[in-house]
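Here is the structure we will look at.
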Amino acid sequence: GLVFIISAPSGTGKTTLVKRVMEELPCLRFSVSYTTRPPRLSEKEGVDYHFISREIFQGMVKKGQFLEWAEVLGHYYGTALVDPGSLESEGMDLILDIDTQGAKKAKEKLAKAILIFLLPPSIETLKERLLGRGLDSPETIQFRLAHAQKDIEEAHWYHHIVINERIEEAVEKLKAIIIAERGKRDF
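Number 520 in my numbering belongs to position 100 of the sequence shown; there are no gaps in the numbering.
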């Protein structure tokens with residue numbers, strides 16, 4: 421199966437976009453990442469993340485169980501190893517939600533992965549979205565905006581870029597990319 425790595429600055433709408441695309445396209449599976457941060461109110465264990473302790477996370481790192489992992493704002497985030505062969509036998513393609521730093525590491529291990537970067541229409545729009553979520557302190561929002569600028573500077577090495585100005589258009593663009601990439605498969 422194909423592996424799609426999707427990266428975006430926090431607040432771009434990545435989670436919403438991926439959920440919508442998965443509702444509309446068959447044979448897509450979302451890789452649920454691991455984190456040591458506490459769940460947000462709307463998040464569910466095993467759906468949004470696997471919420472685990474630092475000790476368990478560090479044990480998984482030592483055992484080499486992650487494709488990539490990083491520490492962000494004092495919490496660990498990691499993506500479990502992927503077996504593209506098992507996806508193929510199940511007729512599934514996989515979506516990984518990974519930041520730019522992790523995407524580079526993952527690309528080294530998954531050479532055929534397709535990288536898609538989601539952009540906000542502007543940094544100002546991103547700031548409005550982050551403020552509107554009401555999840556973060558002003559300091560955390562400033563950190564996320566600075567980090568977003570660094571992420572955006574990395575977008576040039578991704579295979580595809582989608583600007584998420586209007587969710588409906590972004591869903592259609594992301595679906596079109598996935599359908600086109602499926603059409604390129606070697607048979």
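All C-beta atoms, glycine included, are put in the ideal place defined by N, C-alpha and C. For clarity, every value in this text was computed on a predicted model and none was experimentally measured.
Boundaries of the alpha helix (DSSP H) in which G479 is found, first to last residue = Stepping through the sequence shown from its first residue, residue 479 is reached at position 59. For G479, the enclosing alpha helix (DSSP H) has its first and last residue at 474-482.
query = How many whole angstroms separate the CB atoms of E574 and T520, which I take to be in contact at a CB cut-off of 8 angstroms?
reply = Locating residue 574 in the sequence shown gives position 154, counting from the first residue. Locating residue 520 in the sequence shown gives position 100, counting from the first residue. Between T520 and E574 the Cβ distance is about 4 angstroms, and since that is below 8 angstroms, they are a contact.
message = In chain order, what are the residue ranges of uninterrupted beta strand (DSSP E) at least 3 long that sit wholly in the region 494-521?
response = Those beta strand (DSSP E) runs which fall completely within the region 494-521 and span 3+ residues are 495-500, 513-517.
task = Answer yes if the region 580-594 comes into contact with the region 554-566, meaning at least three C-beta pairs across the two stretches below 8 angstroms, and no otherwise.
result = In short, these stretches do not touch, since the Cβ pair count stays below three.
message = DSSP three-state label for E463, please.
response = Your numbering for residue 463 matches position 43 in the sequence shown. The answer is coil: DSSP assigns E463 none of H, G, I, E or B.
task = With DSSP collapsed to three states, give me the class of T432.
result = One-based indexing of the sequence shown puts residue 432 at position 12. Looking at T432 - three-state DSSP - the assignment turns out to be coil, as it is neither helix nor strand.
query = Quick one: what's V492 bridged to in DSSP?
reply = Taking the first residue of the sequence shown as 1, we reach residue 492 at position 72. Answer is H495.
Any non-hydrogen atom of the ligand GTP within 7 angstroms of E528 CB = As for the ligand GTP, it is missing from this structure, which has no ligand bound.
ask   = Between the C-alpha atoms of V502 and Q478, what's the straight-line distance to the nearest angstrom?
value = By 1-based counting over the sequence shown, the position of residue 502 is 82. By 1-based counting over the sequence shown, the position of residue 478 is 58. Taken atom to atom, the span from the alpha-carbon of V502 to that of Q478 is near 19 angstroms.
query = Which same chain residues, not among the five before or five after P541, have their C-beta less than 8 angstroms away from its C-beta?
reply = Along the sequence shown, one-based indexing puts residue 541 at 121. Same-chain partners within the cutoff: I583, N584, E585.
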